[in-house]
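Residue numbers (the numbering used here), protein chains in the order written: chain A, 189 to 600; chain B, 35 to 471; chain C, 249 to 424.
Each remark here refers to the structure printed beneath this line.
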Amino acid sequence: MSATNIDDPRIVEFDVRTDEMLINMGPQHPSTHGVLRLALRTDGEIVADLEPHIGYLHRCAEKIGENLTARQFVPYTDRMDYLAAMNMNLGWSLTIEKLLDHDVPEKGRHLRVLIGEMNRVASHLVAMGTYGLDLGAFSPFLYAFREREKILDLFEKACGARLTYSYIAPGGATADLPGGWTAECSEFINQFKKIIPEFHTLLTTNAIFIARTAGIGVLSPRMAIDYGCTGPVLRGSGVYHDLRFHGEERYTELYDGYEFDVICMDSETGKYPDSHQGVYKDGLSYPEVPSDAILGDCWHRFYVRMLEVVQSVRLIEQSIAKYDACSGSHGEPIKLTQKLPLGEAYLETEAPRGQMGFYVVSDGQSNPWRVRARSSCFSNLYVTAPLCRGVLLADVPAVVGSLDVVMGEIDR
Amino acid sequence: MAEFFNEYIFGNGPWSWLGYVVAALIACILVIHVVAVGAMGFIWLERKVAGRIQDRLGPTRVGGKFGWLQTLADGIKLIAKEDFTPDVADRFLFKIAPYVAFAASFSAFIALPFADGVVANHVNTAVFFVLAVLGLEVFGVILAGYGSGSKWSLFGAMREAAQVVSYEVPLGMCVVVPVFLCGTMNLTTIGNMQEGFITNWLVFNDPFTFVIAMVYFTCATASVNRAPFDLAEAESELVAGFHTEYSGLRWSLFFMAEYGSMFLVSGLAVILFFGGSNGPIPVGDWLANLLGGVKEGSIGANLPSLGAITVGVIGVANFILKGVIGVIVMIWIRWTFPRLRIDQVMSMCLKYCVPIAAFGFIGAVGWEVLDLPTPNNLDEKSRYEYHEKWSHEYLETQQQTKPAANDRHARQAVPTEAIITTVAVSQNAVEVNGGKQ
Amino acid sequence: MSEIALVTQLKDKFGDGIVTVQLDAIDAWVEVTAPALLGVCEFLRDVEDYHFDMCNCITAIDYLHTDPKKAEKVDWAPHMELVYHLSSVATKLTLVIKVKIPRWKDEATQQLPEIPSVASVWTTAIWHEREVYDLSGVNFIGHPELKRILCPDDWEGHPLRKDYEMPLEYHGMRGR
Chain A
189 MSATNIDDPR IVEFDVRTDE MLINMGPQHP STHGVLRLAL RTDGEIVADL
239 EPHIGYLHRC AEKIGENLTA RQFVPYTDRM DYLAAMNMNL GWSLTIEKLL
289 DHDVPEKGRH LRVLIGEMNR VASHLVAMGT YGLDLGAFSP FLYAFREREK
339 ILDLFEKACG ARLTYSYIAP GGATADLPGG WTAECSEFIN QFKKIIPEFH
389 TLLTTNAIFI ARTAGIGVLS PRMAIDYGCT GPVLRGSGVY HDLRFHGEER
439 YTELYDGYEF DVICMDSETG KYPDSHQGVY KDGLSYPEVP SDAILGDCWH
489 RFYVRMLEVV QSVRLIEQSI AKYDACSGSH GEPIKLTQKL PLGEAYLETE
539 APRGQMGFYV VSDGQSNPWR VRARSSCFSN LYVTAPLCRG VLLADVPAVV
589 GSLDVVMGEI DR
Chain B
35 MAEFFNEYIF GNGPWSWLGY VVAALIACIL VIHVVAVGAM GFIWLERKVA
85 GRIQDRLGPT RVGGKFGWLQ TLADGIKLIA KEDFTPDVAD RFLFKIAPYV
135 AFAASFSAFI ALPFADGVVA NHVNTAVFFV LAVLGLEVFG VILAGYGSGS
185 KWSLFGAMRE AAQVVSYEVP LGMCVVVPVF LCGTMNLTTI GNMQEGFITN
235 WLVFNDPFTF VIAMVYFTCA TASVNRAPFD LAEAESELVA GFHTEYSGLR
285 WSLFFMAEYG SMFLVSGLAV ILFFGGSNGP IPVGDWLANL LGGVKEGSIG
335 ANLPSLGAIT VGVIGVANFI LKGVIGVIVM IWIRWTFPRL RIDQVMSMCL
385 KYCVPIAAFG FIGAVGWEVL DLPTPNNLDE KSRYEYHEKW SHEYLETQQQ
435 TKPAANDRHA RQAVPTEAII TTVAVSQNAV EVNGGKQ
Chain C
249 MSEIALVTQL KDKFGDGIVT VQLDAIDAWV EVTAPALLGV CEFLRDVEDY
299 HFDMCNCITA IDYLHTDPKK AEKVDWAPHM ELVYHLSSVA TKLTLVIKVK
349 IPRWKDEATQ QLPEIPSVAS VWTTAIWHER EVYDLSGVNF IGHPELKRIL
399 CPDDWEGHPL RKDYEMPLEY HGMRGR
């Protein structure tokens, strides 16, 4: 449905319609998150149609997976969503363990929660910072990255790498956390808790930010589910669905015994869950939902991510305590040439950007027969097209930024 | 200055025109240097302030610990860059656009007084002149956007044109208020009338003028395309807007034009509302008295007295300081807020700035008409005393009468054809060197 | 298990369309025939108590051993298998649908195998099916815009097929 259609109600009189402009946003562009090409058809400033073109970062991960063993494939999962690499590793490891029916010891499970949630915080910081950058607010970007640097330093101590970790492997993790790591992590968390309200002041409650994001790109719940959107995009539309609660048992057992909330607006009360056990500054309540914001718009998706950071901090605190109280093995990784049993397994995990699924089909050899990565951003990106019809050109980065896409995951 | 050259070098005969030409050239060079060096300084300042706001340091390597010479290094790099124009560009328009923007921004400084009498050209309708020339900058932007042959540039240029032209309306309305209060468009006069204590500044004249000053600052930020109104160069959407295709020296000209305009509108705000070159407490009198003057008839008889020079320098320093503070506020705002969308920018202009400016104008006028109390003594001062000070007719009359040596209100007479004076004469100059014939 | 009730409903409704049901596998799956696929999917999306309204993933698996010695050892003939992973947001259940199709519609002319598209059932399938078409070469009947998504538009061949060979060159760049 494009604006060239004569029956389009947006066109008042066919004669006075001006010609449409074909514009390319990307693939090299400061604001599309990665190499994404958005072919826009605009009538002046109003976008009539939008078509995303992907594939610029396609590196044939799935074909490569057929030539490597399960453990050898872990670095390739890093490079998919490189901003949340630990969660990618976790997804792949859990899938292989599901196929092998291998259980990770308790300490390893707490380790996985700790690392996964730390990476969720780092990933949401990037999402928040770059979203501000898309809209022209330059400073939150640096504040977010300052905090992220500290997380990356911690990760470097744990596994030696800052971005592509390959830390969580099938069977557990490649190595246990070094001594004193949890203490440093606690120190970071205590310092980070005080800073979270700063981000709200900079962006969430800023009048110009609200003017740019409230009411833009409204995604209805039905459309979100139909388009396969998951993660904060889905929860920002009011759908109560989080795989850490509702997913497969092999994944939800990781979070057994942890207290945290699913961040989703309660349709009856119109409020977000605000229990944070003192993570958010004492006495301060979360910023109010502005009156312009409609459920499912960019502001809500952004807000969901901000609140998820608080819940992740809660989880990190609990997991540090549980990890320290635990003794035993962190989970030795499986053999490099471990033969996978005949069969197939599919498992989705709640990655920071949505539900990331890995599908492994094995014919009994050590190399899988087929590897498939179901990317969360792949489906999230598709919804850009209907959301951006009829908006102004300046809203396109606002919408794409609120969906928080990473091309590495989409193209694999 | 011209008469100085004519007196000592060229003689007053057939070569006297050379004196004026040389004086004009010196004037141009001074103005361009002031603004170019100022732009360099502002770019450095922006990077430092931005760095601090973002919890980092900014340039720290070139030219010592604070990176003073960073902009110079960048300028050298830019000059050394390859100069190319895109294939699809309209060559002539593409090349001329930066110069148009640059010229518009810099020309407005001709009428901007840095202190009492320190101005490149005494323009009696300076306010009008400055606003008019400032509005020419948009031509450069449109030419750049169209001439680049790229859709993105065109988008940026069109947005900018719409924005700048719309914001000139509330800007003009805001500017009319101090003009009305002072009764003159002469910027030097307006600055001088705010002499004395800080309460004399027009911004404290009445609450409406205060609001008008704030609205002026907002509209000024919009008309020079600074964030949050910088969608003409919106990085994240249009790569770089109208100057996407520019690199090297051409791009640096746009940049200098932008920072020049920033200082210009900030300086204009300073003169119109914040006291011009006057400080919060009047030291001019006291200093001039202290430092004294020059004996009449000596070689330096035509030169200003030391007291006058000092007062002039302080005035210039005051003005620049306040202007820089205004620029810092603009920088501060830029690095704090996100960017507004074009329709929000336009609605802000038409739905907020214009009505508020209009109400402020009516309020300020009403305040004066109803003779409500104001903290300054503008009413008591004879406006004509300041009014005609630099006008050509007044200067002519001064030439004919030789003022008494101790006449506090006499002025140092200056030839009417002077194109530039660097003489700072405070209205309380004690020593008068006698009329120059 | 509620799955069994669902399976009974499916068998009742589609009869021969349902080929096998394997509930003991790690992920319980139901194999259907290609002609019945669209009906089954629509039914699954709309059925009471289940509402599989989210299509998580569509995968194509190429069952072919290029090495004839290995081909002798397995019990399946070369074919292509399409796997649909479905889930329900309301009931949090998941289900897998499998369809077996031949590798070529006509090997001589390299015509791709056909299967009805489920894009009308779940809109997200539009992009997943484009990816399957692009990488594994399956023609989806009824797809609104079936074109390549990850590979460039003028790419030849379907890379994820087991008998795929990288082209010697592409626009002057060496392939292998």
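C-beta: ideal position from N, C-alpha, C; glycine also.
Could you tell me the alpha carbon to alpha carbon distance between residue i and residue j, rounded to whole angstroms?
{"i": "threonine 455 of chain B", "j": "valine 153 of chain B", "result": "Residue placement at threonine 455 of chain B cannot be trusted, given a pLDDT of 38 that sits under 50; what the coordinates show is reported in the next sentence. Roughly 7 Å between the two C-alpha positions."}
{"i": "glutamate 296 of chain C", "j": "glutamate 375 of chain A", "result": "51 Å"}
{"i": "arginine 297 of chain A", "j": "serine 425 of chain A", "result": "31 Å"}
{"i": "glutamate 194 of chain B", "j": "leucine 374 of chain B", "result": "13 Å"}
{"i": "isoleucine 363 of chain C", "j": "alanine 356 of chain C", "result": "19 Å"}
{"i": "alanine 178 of chain B", "j": "aspartate 121 of chain B", "result": "14 Å"}
{"i": "aspartate 291 of chain A", "j": "glycine 552 of chain A", "result": "20 Å"}
{"i": "alanine 325 of chain C", "j": "cysteine 565 of chain A", "result": "35 Å"}
{"i": "arginine 563 of chain A", "j": "tryptophan 277 of chain C", "result": "The question names arginine, yet the displayed sequence has serine at residue 563 of chain A. Each residue's Cα considered, the two are about 21 Å apart."}
{"i": "proline 574 of chain A", "j": "proline 521 of chain A", "result": "44 Å"}
{"i": "threonine 435 of chain B", "j": "isoleucine 348 of chain B", "result": "Reliability of the predicted coordinates at threonine 435 of chain B is poor, the pLDDT of 47 falling under 50, and the value obtained from them is presented with this limitation in mind. One C-alpha to the other measures close to 30 Å."}
{"i": "valine 267 of chain C", "j": "glutamate 329 of chain C", "result": "13 Å"}
{"i": "glutamine 270 of chain C", "j": "tyrosine 332 of chain C", "result": "14 Å"}
{"i": "tyrosine 418 of chain C", "j": "leucine 569 of chain A", "result": "28 Å"}
{"i": "leucine 285 of chain C", "j": "glycine 484 of chain A", "result": "32 Å"}
{"i": "leucine 258 of chain C", "j": "aspartate 275 of chain C", "result": "18 Å"}
{"i": "alanine 123 of chain B", "j": "cysteine 208 of chain B", "result": "39 Å"}
{"i": "asparagine 307 of chain A", "j": "arginine 300 of chain A", "result": "11 Å"}
Please return the same chain residues whose Cβ sits closer than 6 Å to the Cβ of residue i, not counting the five positions on each side in sequence.
{"i": "serine 515 of chain A", "result": "none"}
{"i": "glycine 230 of chain B", "result": "Pro316"}
{"i": "valine 363 of chain B", "result": "none"}
{"i": "serine 473 of chain A", "result": "none"}
{"i": "alanine 273 of chain C", "result": "none"}
{"i": "proline 204 of chain B", "result": "Cys253, Cys387, Val388 and Ala391"}
{"i": "alanine 603 of chain A", "result": "This structure gives no information on residue 603 of chain A, because the portion of chain A shown stretches from 189 to 600."}
Report back the beta-carbon spacing between residue i and residue j to the nearest angstrom; my notes put them in contact at under 8 Å.
{"i": "histidine 312 of chain A", "j": "glutamate 496 of chain A", "result": "6 Å"}
{"i": "leucine 391 of chain A", "j": "glycine 320 of chain A", "result": "6 Å"}
{"i": "valine 350 of chain B", "j": "phenylalanine 140 of chain B", "result": "No, valine 350 of chain B and phenylalanine 140 of chain B are not in contact; Cβ-Cβ is about 18 Å, not under 8 Å."}
{"i": "valine 492 of chain A", "j": "proline 420 of chain A", "result": "4 Å"}
{"i": "serine 567 of chain A", "j": "tyrosine 415 of chain A", "result": "6 Å"}
{"i": "glycine 97 of chain B", "j": "leucine 91 of chain B", "result": "Their Cβ separation, rounded to whole angstroms, is 14 Å, which puts glycine 97 of chain B and leucine 91 of chain B out of contact at 8 Å."}
{"i": "glycine 309 of chain B", "j": "glutamine 228 of chain B", "result": "4 Å"}
Excluding sequence positions up to five away, which residues of its chain have a Cβ less than 7 Å from the Cβ of residue i?
{"i": "glutamate 335 of chain A", "result": "Leu313, Phe380 and Ile383"}
{"i": "glycine 531 of chain A", "result": "Leu287 and Ser550"}
{"i": "leucine 398 of chain C", "result": "Glu379, Asp382 and Leu383"}
{"i": "phenylalanine 251 of chain B", "result": "Ala303"}
Tell me which same chain residues have a C-beta within less than 8 Å of the C-beta of residue i, skipping the five on either side of it?
{"i": "asparagine 255 of chain A", "result": "Asn555"}
Requested in this report: Kindly provide the ranges of any alpha helix (DSSP H) runs that are 4 or more residues long and lie completely inside the stretch 313-381 of chain C, ordered along the chain.
Outcome: List check, alpha helix (DSSP H) in window: 316-321.
* Report yes or no: do the stretch 376-386 of chain A and the stretch 537-555 of chain A share at least 3 C-beta pairs separated by less than 8 Å? => No, the stretch 376-386 of chain A does not touch the stretch 537-555 of chain A.
task: Count the C-beta pairs between the stretch 291-305 of chain C and the stretch 333-351 of chain C that are closer than 8 Å, then say yes if the count reaches three, no if not.
output: Between the stretch 291-305 of chain C and the stretch 333-351 of chain C there are three or more inter-stretch CB-CB distances shorter than 8 Å, so the stretches are counted as touching.
query = Should the stretch 280-294 of chain B be regarded as contacting the stretch 68-84 of chain B, the criterion being three or more beta carbon pairs within less than 8 Å?
reply = With a cut-off of 8 Å, the stretch 68-84 of chain B and the stretch 280-294 of chain B count as touching, because enough Cβ pairs lie within range.
### Query
For the stretch 478-485 of chain A against the stretch 501-515 of chain A, are there 3 or more C-beta pairs whose distance is under 8 Å?
The stretch 478-485 of chain A vs the stretch 501-515 of chain A: no contact.
Please go through the stretch 150-181 of chain B and give each complete alpha helix (DSSP H) segment of 4 or more residues, from N-terminal end onward. Within the stretch 150-181 of chain B, the complete alpha helix (DSSP H) runs of at least 4 residues are 160-168 and 171-181.
* Asked: If we count Cβ pairs, one from each stretch, closer than 8 Å, do we get three or more for the stretch 424-438 of chain A versus the stretch 449-469 of chain A?
  -> At 8 Å Cβ cutoff, the stretches touch.
**Prompt:** Taking one C-beta from the stretch 375-383 of chain B and one from the stretch 188-204 of chain B each time, how about it: are there three or more such pairs within less than 8 Å?
**Reply:** Yes, since at least three Cβ pairs between the stretch 375-383 of chain B and the stretch 188-204 of chain B fall closer than 8 Å, the two stretches touch.
Between the stretch 131-140 of chain B and the stretch 157-176 of chain B, do three or more beta carbon pairs fall short of 8 Å? Proximity of the stretch 131-140 of chain B to the stretch 157-176 of chain B meets the contact definition, three or more beta-carbon pairs being nearer than 8 Å.
- Item | Cβ pair count under 8 Å reaching 3, the stretch 241-257 of chain B against the stretch 389-403 of chain B | Judged by Cβ distances under 8 Å, the stretch 241-257 of chain B makes contact with the stretch 389-403 of chain B, as three or more pairs qualify.
Quiz item: Is the stretch 578-588 of chain A in contact with the stretch 57-65 of chain B, if contact means three or more CB pairs nearer than 8 Å?
Solution: No: the two stretches stay apart, fewer than three of their Cβ pairs being nearer than 8 Å.
- Do three or more CB pairs link the stretch 276-292 of chain C to the stretch 344-351 of chain C at distances below 8 Å? A contact is defined here as three or more CB-CB pairs under 8 Å, and the stretch 276-292 of chain C meets this definition with respect to the stretch 344-351 of chain C.
Complete alpha helix (DSSP H) runs within the stretch 249-273 of chain C (minimum length 4 residues, chain order): With a minimum length of 4 residues, the continuous alpha helix (DSSP H) runs that stay inside the stretch 249-273 of chain C are 250-262.
query: Can we say the stretch 313-325 of chain C touches the stretch 383-390 of chain C, given the rule of at least three CB pairs closer than 8 Å?
result: With contact defined as three or more Cβ pairs closer than 8 Å, the stretch 313-325 of chain C and the stretch 383-390 of chain C are not in contact.
Problem - Segment contact flag, the stretch 399-418 of chain A with the stretch 232-247 of chain A, C-beta cutoff 8 Å, min 3 pairs - result: Touching, no, given that fewer than three Cβ pairs across the two stretches are closer than 8 Å.
Practice task
Check whether the stretch 351-362 of chain A touches the stretch 273-288 of chain A, counting contact only when three or more Cβ pairs, one atom from each stretch, lie closer than 8 Å.
Solution key: Between the stretch 351-362 of chain A and the stretch 273-288 of chain A there are three or more C-beta pairs closer than 8 Å, enough to call the two in contact.
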